[in-house]
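In what follows, a single structure is set out as structure tokens and then discussed.
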Amino acid sequence: MRIAQISPLHESVPPKYYGGTERVVSYLTEELVRLGHEVTLFASGDSVTRAALKSQTPRALRLNPACIDPLAHHVRMLERVFREAEDFDILHFHLDYLHFPMARLVGRPTLTTQHGRLDIPDLVPLYREFTDMRLVSISNYQRRPLPFANWVATVYHGLPRHLYRFHPEPGEYLAFLGRISPEKRVDRAIEIAVRCDLPLRIAAKVDKVDEAYYHEQIKPLLKHPLVTYLGEIGEQEKDDFLGGAMALLFPIDWPEPFGLVMVEALACGTPVIAFRNGSVPEVLEDGKTGFIVNSVDEAVAAVRKLNRLSRRDCRKAFETRFTAERMARDYLKIYYQLREVHDALSRVA
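The following block contains the structure:
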């Protein structure tokens, strides 16, 4: 099958550091190539892939200080994608809704994976207008604000099976990985670790929009002797960082669409202590691959129960539910269905 994967340009595919959407696009693209499909990746020029790379910008926009208007680069990319649309059996977009108007005009099947939060009132009239756009959610919870949209499936994210090693023995510290932002609540992670008298290692980036929050509310907390702030880390460092932890803390305070870091931890055999928000109950098995909590008090109690969990069960859950191969095969089922419908309609016309 001839497949186009259209990625955001904010990060390379895969990202050099933090980046959820582009990382998933990379895992999906490489697995589709491994399965024998003809894949073209529309992404930044510093991306690394076995697919045919159609470079849209020399480098990822977030790491390019000369980039002032990211939207301009994405519009230019879409013009190129739709100009070449007839070369593909399926166009798979990872750009939220930016391509919707143009997708109506092209005579090829399109699919859009929604990677972000959808509980924003401004989105309701937009998605009511574009109910013909075929959408994939990354959790069942994610689609709740837009139940009327044209959802064709939920496909959970997956990682390459051998990306992370299984670490059978727990370390002596708690871990926090991701972004320092109000909704990720690293302040909760610090409170949990301090109350448990355990070291906390924080590997996280600070976006420009969150710099004031970081300096005013989080930076003073990092001075505690139990807390080590490592900054932003890349893919190669995650294995030791997550695998060496006794648990990952995921104390979110927002409707998380998926939470890829939870799966990364499970791949290492590391259980997760997460607050009950968004997709968390879909990803974790409470009492088996981690603990789902509703407060800091419950999280502190959960840390003290970590010895009840099996790290091997965590790894097994990853291998059963969250591999890139499973993700790619789920998408292929959708691709084939859309192509069959398209071909049938073409014959009738």
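The opening position of the sequence shown corresponds to residue 42 in the numbering used here, with each subsequent residue numbered one higher.
All C-beta atoms, glycine included, are put in the ideal place defined by N, C-alpha and C.
Look at the alpha carbon of E71 and the alpha carbon of R91, and state the distance between them as a whole number of angstroms. 6 angstroms
Between R185, K57 and G199, which has its C-alpha nearest P296's C-alpha? R185
Proximity below 8 angstroms, CB of G310 to CB of F141: no
Buried or exposed by the 16-neighbour rule on C-beta atoms within 10 Å, applied to P99: exposed
Mind checking which residues open and close the alpha helix (DSSP H) that includes S88? First-last for S88: undefined, no H or E at that position.
Take every Cβ of the segment 312-329, pair it with every Cβ of the segment 241-256, and state whether three or more of those distances are shorter than 8 angstroms. no
According to DSSP, is V268 helix, strand or coil? strand
Under 8 angstroms between the Cβ atoms of V193 and I375? yes
Beta-carbon separation of A286 and T330 under 8 angstroms? no
Cα-Cα, which of Q277, N318 and A308 is closest to F291? N318
Ignoring anything shorter than 3 residues or poking outside the segment 74-158, list the beta strand (DSSP E) runs there in chain order. 79-84, 93-96, 131-134 and 151-154
Short check: CB of T144 to CB of I233, under 8 angstroms? Looking at the sequence itself, residue 144 is Ala, so the reference to Thr does not match. Not in contact: A144 and I233 (Cβ atoms no closer than 8 angstroms).
Close Cβ partners of E323 (< 8 angstroms) along its chain, the five nearest in sequence each way excluded: S180, N181, Y182 and Y197
Residues that DSSP places opposite S178 in a beta bridge: T195
Helix, strand or coil: how does DSSP classify D327 here? strand
Rank R220, V177 and L159 by C-alpha distance to the C-alpha of D251 and give the top, closest one. R220
Let me make sure I understand the geometry here. Which of G300, L239 and V337 has the alpha-carbon closest to that of L325? G300
Does the separation of the CB atoms of F129 and R43 fall below 8 angstroms? yes
Specify the secondary structure class of R206 as computed by DSSP and reduced to three states. coil
Which residue from P56, L73 and A45 puts its Cα closest to that of T364? L73
Assign F1 to one of two classes, buried (16 or more other C-beta atoms within 10 Å of its C-beta) or exposed (fewer than that). Here the chain comprises residues numbered 42 to 390, so residue 1 is not present and cannot be evaluated.
Quick check on the burial criterion: 16 or more other C-beta atoms within 10 angstroms. Buried or exposed for F189? exposed
If you check the beta carbons only, do L262 and L241 fall under 8 angstroms apart? no
Quick one: give me the first and last residue of the alpha helix (DSSP H) that L218 is part of. L218 -> not in any alpha helix (DSSP H); beta strand (DSSP E) instead, spanning L215 to R220.
Could you tell me the alpha carbon to alpha carbon distance between H133 and R124, rounded to whole angstroms? 15 angstroms
Could you tell me how far apart the beta carbons of L136 and I47 are, in whole angstroms, since I believe they sit closer than 8 angstroms? 6 angstroms
Give the C-beta separation of L119 and T153 to the nearest angstrom, bearing in mind that I take them to be a contact with Cβ-Cβ under 8 angstroms. Their Cβ separation, rounded to whole angstroms, is 12 angstroms, which puts L119 and T153 out of contact at 8 angstroms.
Check whether the Cβ atoms of S222 and Y254 sit closer than 8 angstroms, and answer yes or no. yes
Between which two residues does the alpha helix (DSSP H) holding A190 run? Segment: none, A190 is in no alpha helix (DSSP H) and carries neither H nor E.
Nearest to E381 by alpha carbon, out of C355, R149, D173 and F83? R149
At which residues does the beta strand (DSSP E) containing K246 begin and terminate? L241 to K246
Here's the rule: buried if 16 or more other CB atoms are within 10 angstroms of the residue's CB, otherwise exposed. What is L94? buried
When you compare only the Cα positions, how much space is there between V389 and V54? 39 angstroms
Spatial neighbours of L289 within its chain, please: CB distance less than 6 angstroms, with the 5 preceding and 5 following residues excluded, ordered by chain position. A216, A306, T311 and V313
Under the rule that 16 or more other beta-carbon atoms within 10 Å means buried, what is L386, buried or exposed? exposed
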